[in-house]
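Report on the following structure.
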Amino acid sequence: MTRRPSSFEDVLMPTTLLPFPSEDTIGLVVRGKTSPSHDPGALEQHADCILADGSPVGFFGEAGAGSSGRSGSGSWNSTGMNMKGVVYDYPLFKIHRPFYVGMAEAKRYSVKSTVLVITVSKAQALLFKDYWNKLKANPGSFYLLGHNCSTHASDAFIYAGIITGGIPGLDTPNNLYKQLVTSFTQTVSHSGFLGFTPKAADGYEVAVES
């Protein structure tokens, strides 16, 4: 006899493993975007990227600043002007935004994301990583209008020769997502609770629970 689930928590939701680590796959993550068709508010979204080895990476105002806490997904503080920029890698995400890299934390705080998985060349994937390494060494300042999380995510795609122009309209994560979707045929979107797990060898396993 099949047991009837006693509560919503008993229902196992489908989990999808994304194709990381890889040599020719990268990703854009739009926090706060609950489905490919969802248009989150400007202050309800944030952009991160996934390198070919599955590493999460993203640009923020100085650690601890911003409203992307337990109740939101944005990356702005009260002014959004001239904050010290910082690039988060997995260890910094674990400290400052655990719900961006841990699936259990994402579910606990109801932080959903949409991941756009993009197939590129190996050379482009390496250039994409190189951009983020250089930005981490010299991140500059964070501004709400330009020089924000989506501006630098866009710059990474441009630096790698994946796109040739900036984000149409305002520099928002969702506008970058739409630009990439319309620019490429080799993309797949996944929405839900996102989690990164370090592998015994190099790289990270990336999973989405819908």
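According to our numbering, the residues represented by the sequence shown are 8 to 217, in order. Every residue gets a Cβ at the ideal spot worked out from N, C-alpha and C, and that includes glycine. The model shown is predicted, which means the values in this text are computed figures rather than measured ones.
Going by beta carbon distance, what residues of the same chain come within less than 6 Å of residue i, once the five residues before and after it are set aside?
i	result
Tyr-107	Phe-100
Phe-164	Ile-170
Excluding the five sequence neighbours on either side, which residues of its own chain have a C-beta within less than 8 Å of the C-beta of residue i, listed in chain order?
i	result
Phe-27	Gly-34, Ile-57, Ala-59, Asp-60, Gly-61, Gly-210, Tyr-211, Glu-212, Val-213
Lys-206	Pro-28, Gly-61, Glu-212
Drop a sphere of 10 angstroms on the beta-carbon of residue i, count the other beta-carbons inside from all chains shown, and report buried for 16 or more, exposed for fewer.
i	result
Gln-186	buried
Pro-180	buried
Met-20	exposed
Ile-169	buried
Asn-140	exposed
Pro-98	exposed
Gln-193	exposed
Leu-24	exposed
Lys-119	buried
Gly-153	exposed
Ala-208	exposed
Ala-144	exposed
Gly-73	Note that Gly-73 has pLDDT 38, beneath the 50 cutoff, so the model's placement of it is unreliable and the number below is only indicative. Classification of Gly-73: buried, given that the 10 Å Cβ count is 16 or more.
Tell me, which residues are paired with residue i by DSSP?
i	result
Thr-204	Glu-212
Pro-63	Ile-57
Gly-92	Gly-68
Ile-33	Ile-125
Gly-199	Ser-120
Leu-24	Ala-214
Thr-194	Ile-125
Arg-225	No answer is possible for residue 225: it lies beyond the span of the chain, which begins at 8 and ends at 217.
Phe-149	Met-90
Return the chain-ordered list of same chain residues with a C-beta closer than 7 Å to the C-beta of residue i, the five sequence neighbours on each side being excluded.
i	result
Thr-158	Asp-178
Tyr-166	Leu-134, Tyr-138
Gly-176	Asn-182
Lys-114	Phe-200
Ala-132	Glu-30, Asp-31, Ile-33, Ala-59
Assuming residue i and residue j are in contact, meaning their beta carbons sit under 8 Å apart, how far apart are those beta carbons, in whole angstroms?
i	j	result
Phe-67	Val-93	5 Å
Thr-126	Val-37	With 8 Å as the limit, Thr-126 and Val-37 do not qualify as a contact, their Cβ atoms being about 18 Å apart.
Glu-30	Lys-129	5 Å
Ser-196	Pro-43	4 Å
Cys-156	Ala-54	5 Å
Val-124	Thr-204	Not really, about 17 Å apart at Cβ, beyond 8 Å.
Glu-216	Thr-41	Not quite, the Cβ-Cβ distance comes to about 13 Å (not below 8 Å), so this is no contact.
Taking 9 Å as the cut-off, decide whether the C-beta atoms of residue i and residue j are in contact.
i	j	result
Ser-161	Gly-173	yes
His-45	Ser-148	no
Gly-39	Ala-111	no
Asp-96	Pro-146	no
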